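J.: Let me begin by handing over the structure; questions about it come next.
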Amino acid sequence: MEIKVEKGRPEKYSCELLLLFAFESPEPLEGLLRDVDLEWKGFISALIKRGDFKGELHECHLLHTQGALRVHRVLLTGLGKKDEFDLEKWRGAASKAGQFIRNSGIKQFVFPIKSFKGHSEAELAEAFVTGLLLGVYQFNEFKTLEREKIKEIKEVVLLGEKEIKSIGDGLRTGQIISEAVCLARDLVNGPSNEVTPTFLAEKAKEIAKNHGMKIRVLEVKEAEAMGMGAFVAVAKGSQEPGKFIVLEYNKGKGLDTIALVGKGITFDSGGISIKPSEGMERMKDDMSGAAAVLATLQAACRLRLPFHLVGIMPATENLPSGKAYKPGDVLKTLSGQTVEVISTDAEGRLILSDALAYSLQYQPKAIIDLATLTGACVVALGDFVIGLLGNDDLLLKRIEEASSKTGEKAWSLPLWDEYFEYLKSDTADFRNVGTRAAGAIIGGVFLSKFVKKIPWVHLDIAGPASIDKERPYTPRGGTGAGVRLLIQMLRDWKKN
Ligand code: BES
Ligand code: MN
Ligand code: ZN
133 MEIKVEKGRP
143 EKYSCELLLL
153 FAFESPEPLE
163 GLLRDVDLEW
173 KGFISALIKR
183 GDFKGELHEC
193 HLLHTQGALR
203 VHRVLLTGLG
213 KKDEFDLEKW
223 RGAASKAGQF
233 IRNSGIKQFV
243 FPIKSFKGHS
253 EAELAEAFVT
263 GLLLGVYQFN
273 EFKTLEREKI
283 KEIKEVVLLG
293 EKEIKSIGDG
303 LRTGQIISEA
313 VCLARDLVNG
323 PSNEVTPTFL
333 AEKAKEIAKN
343 HGMKIRVLEV
353 KEAEAMGMGA
363 FVAVAKGSQE
373 PGKFIVLEYN
383 KGKGLDTIAL
393 VGKGITFDSG
403 GISIKPSEGM
413 ERMKDDMSGA
423 AAVLATLQAA
433 CRLRLPFHLV
443 GIMPATENLP
453 SGKAYKPGDV
463 LKTLSGQTVE
473 VISTDAEGRL
483 ILSDALAYSL
493 QYQPKAIIDL
503 ATLTGACVVA
513 LGDFVIGLLG
523 NDDLLLKRIE
533 EASSKTGEKA
543 WSLPLWDEYF
553 EYLKSDTADF
563 RNVGTRAAGA
573 IIGGVFLSKF
583 VKKIPWVHLD
593 IAGPASIDKE
603 RPYTPRGGTG
613 AGVRLLIQML
623 RDWKKN
């Protein structure tokens, strides 16, 4: 989809479709809606008076102008109650309008942008583009039948009245972030026979090359030589070679270093502690953390954010085999600490323990890890919430603020000392699982043992990483959870 900015008036513009938004019971009509209504001799206000369009959130009403305006059609989309409006509703409405236009087979539309309700044009443009691009996302790579029936919007014109530079800035930012989210979605939606650890490493190399970032991919042998006993134990069970991927973006000297660590299990069968087969196909999404890290680095680099970012993505399958690690095994981690394996299905925290320990060499100001770590987190918070656990209030606050801005809901869970009891082992320093109680917290508590005193937050994205029921601007499947949140946190970093 090509999106461009032009200067002009909506009531004079010639195009396939003009998109307009309206609040619930918008009488009298305001702003651009009023201008178009006047040009159209009161057609829209009459329609609203008759009750044919109420302006309810996500309501779409398509009108044919029959030559009364220069555009062929007008799509009215509802924004709901005016006093309940926020950018999250705006993104949802942009998505619903986009989906309606696409599903109608219309390939081009124009949308006039004017600041309202205290939001600048740049802000509105960014959120509009984000909602639109994320809402019309589809994953069709493996569909070979009836490809001609796949519908797509080809061209969008954002229309500004006077100053169009700020609209262009908002557009570009929204595009860069949305493209990153869609990259993460593609990787999550890709099946595990395509999206292997090698595939992730190649993708990371390609991104590094295209954007001038530094990359290092460690083979399992090298990881073993370095002492990453936990990562290596998980990787051993599979024929598919594991890769320990380190991608680095550096905007300049003396900038804050932040380590982003993402769980990259490209398929989680549970290993010897094998999972029930029902629903196991979903476990291709167990690399969503790594996908989010990769996508965030791409976006941060394209936005030229002033940081030194280190993206660490341990990638491997978790499979049972004659070489697989077993319950009862004791692993020596890169940190030097030992772990007794109780369940080979608690593999995420194992590969992350080595990745977190690896990140310490960069002396980061903060470490943030993202992982589809526990089913318990989904039980606790639902499939639309990121579980947060961390050792630093300021970093947690940064994440929570970014969360409320982006609409990616996140909720923090406690990291009290009492929980460490659950991880005591008779034979090693810790066991890799506790009891069934407080599963999501125990996962975080385990990880906390590997970050020393560095400010750190763990994002359990097991729920929101991929979803069965669509949300306003998130279709079913991989969501790219965490990407917008991290980018927002980085954009606001200095303000805190
Ligand atoms: N990848 C899973 C977590 C998961 C489960 C993500 C369901 C999304 C949906 C993780 O590796 C895992 O298997 N966790 C175990 C931990 C347990 C053995 C302590 C779990 O949640 O059951
Ligand atoms: Mn598992
Ligand atoms: Zn897993």
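Numbering-wise, the sequence shown is residues 133 to 628 according to the working numbering. The beta carbon of each residue, even a glycine, is placed where N, CA and C say it ideally should be. Computed from a predicted model, the values in this text were never measured in an experiment.
Would you list the residues whose beta-carbon is nearer than 5 Å to any heavy atom of the ligand ZN, in the order they occur in the chain?
T.: My final list is I397, D400, D418, G480.
J.: Ordered along the chain, which non-local residues of its own chain (more than five positions away) have a Cβ less than 7 Å from that of N272?
T.: So the list reads I282, once near-sequence residues are dropped.
J.: May I ask you to report which of helix, strand or coil DSSP gives E293?
T.: In the structure shown, E293 sits in coil (DSSP, three-state: anything other than H, G, I, E or B).
J.: Straight-line CA distance for E148 to H204?
T.: Taking the straight line joining both Cα atoms gives about 5 Å.
J.: Quick one: measure Cβ to Cβ for G403 and E472, integer angstroms, because I've assumed they're closer than 8 Å.
T.: Between E472 and G403 the Cβ distance is about 15 Å, and since that is not below 8 Å, they are no contact.
J.: Quick one: grab the DSSP three-state call for W222.
T.: DSSP places W222 in helix when its eight states are reduced to three.
J.: Applying the 10 Å Cβ sphere with the 16-neighbour rule, what's the burial state of H440?
T.: Under this definition H440 is a buried residue.
J.: May I ask you to check if the CB of N710 is nearer than 7 Å to at least one heavy atom of the ligand MN?
T.: Given a span of 133 to 628 for the chain in the structure shown, any question on residue 710 remains unanswerable.
J.: Around the C-beta of E449, are 16 or more other C-beta atoms found within 10 angstroms, so that it is buried, or is it exposed?
T.: That one is buried.
J.: Give every residue of the same chain whose Cβ lies closer than 7 Å to the Cβ of S491, excluding the five residues on either side of it in the sequence, and list them in chain order.
T.: Contacts found: A391, V393, V442, I444, I499.
J.: Return yes when the C-beta of G402 is under 7 Å from any heavy atom of the ligand MN, and no when it is not.
T.: G402 Cβ: within cutoff of the ligand MN.
J.: D218: beta carbon under 7 Å from a heavy atom of the ligand BES?
T.: Checking the Cβ of D218 against the ligand BES gives no.
J.: Taking all protein chains shown into account, decide if P323 is buried (16 or more other Cβ within 10 angstroms of its Cβ) or exposed.
T.: Exposed, since its Cβ has fewer than 16 Cβ neighbours within 10 Å.
J.: With DSSP as the reference, label A508 as helix, strand or coil.
T.: Helix, per DSSP.
J.: Looking at the secondary structure, which residues open and close the beta strand (DSSP E) in which H343 lies?
T.: Looking at the DSSP string, H343 is not in any beta strand (DSSP E); the run it does join, the alpha helix (DSSP H), is 329–343.
J.: Spatial neighbours of V364 within its chain, please: C-beta separation below 7 Å, excluding the five flanking residues on both sides.
T.: Here the set comprises V352, A355, E356.
J.: Would DSSP call F562 helix, strand or coil?
T.: In the structure shown, F562 sits in a strand (DSSP, three-state: E or B).
J.: Is I518 closer than 8 Å to I593 when the C-beta atoms are compared?
T.: Closer than 8 Å, so yes.
J.: Quick check on K346: does DSSP put it in helix, strand or coil?
T.: Three-state result, K346: strand.
J.: Closest to G224 by C-alpha separation, out of K375, N235, L211, would be which residue?
T.: That would be L211, whose Cα lies nearest to the Cα of G224.
J.: Among the candidates G302, S544, E533, K213, whose CA atom is the shortest distance from the CA of S252?
T.: Per the Cα distances, G302.
J.: For R481, count neighbouring Cβ atoms within 10 angstroms of its own Cβ and tell me buried if that reaches 16, exposed if not.
T.: Its Cβ being crowded by 16 or more others within 10 Å, R481 is buried.
J.: How far does the alpha helix (DSSP H) with S557 in it extend, from its first residue to its last?
T.: Looking at the DSSP string, S557 is not in any alpha helix (DSSP H), and its letter there is neither H nor E.
J.: Between V242, L332, K335, L435, which lies nearest to L290 when the distance is taken from Cα to Cα?
T.: The residue with the shortest Cα to Cα distance from L290 is V242.
J.: Measuring CA to CA, which of L266, K537, K186 is closest to Q231?
T.: Checked all of L266, K537, K186; the closest Cα to Q231 is L266.
J.: Starting from the C-beta of P607, find all residues in its chain whose C-beta is less than 8 Å away, skip the five residues before and the five after it, and write them out in chain order.
T.: Correct list, in chain order: G267, Y269, Q270.
J.: S475: beta carbon under 7 Å from a heavy atom of the ligand BES?
T.: Checking the Cβ of S475 against the ligand BES gives yes.
J.: Is the Cβ-Cβ distance between G359 and A447 less than 8 Å?
T.: Going by C-beta atoms, G359 is not nearer than 8 Å to A447.
J.: How should F274 be labelled, buried or exposed, when 16 other C-beta atoms within 10 angstroms of its C-beta is the threshold for buried?
T.: Exposed: under 16 other Cβ atoms inside 10 Å.
J.: Kindly give me the distance between the Cβ atoms of G595 and G514, rounded to whole angstroms, as I take these residues to be in contact under 8 Å.
T.: Between G514 and G595 the Cβ distance is about 6 Å, and since that is below 8 Å, they are a contact.
J.: According to DSSP, P244 sits in a beta bridge with which residue or residues?
T.: According to DSSP, which records beta bridges pairwise, P244 is partnered with L291.
J.: Which of the three DSSP states is assigned to D549 in this structure?
T.: The answer is helix: DSSP assigns D549 an H, G or I state.
J.: With burial defined as no fewer than 16 other Cβ atoms inside 10 Å of the residue's Cβ, what is the status of A200: buried or exposed?
T.: With fewer than 16 other Cβ atoms within 10 Å, it is exposed.
J.: How many Å lie between F572 and I296 at the Cα?
T.: Per the sequence shown, residue 572 should be read as Ala rather than Phe. Distance between the alpha carbons of A572 and I296 is about 47 Å.
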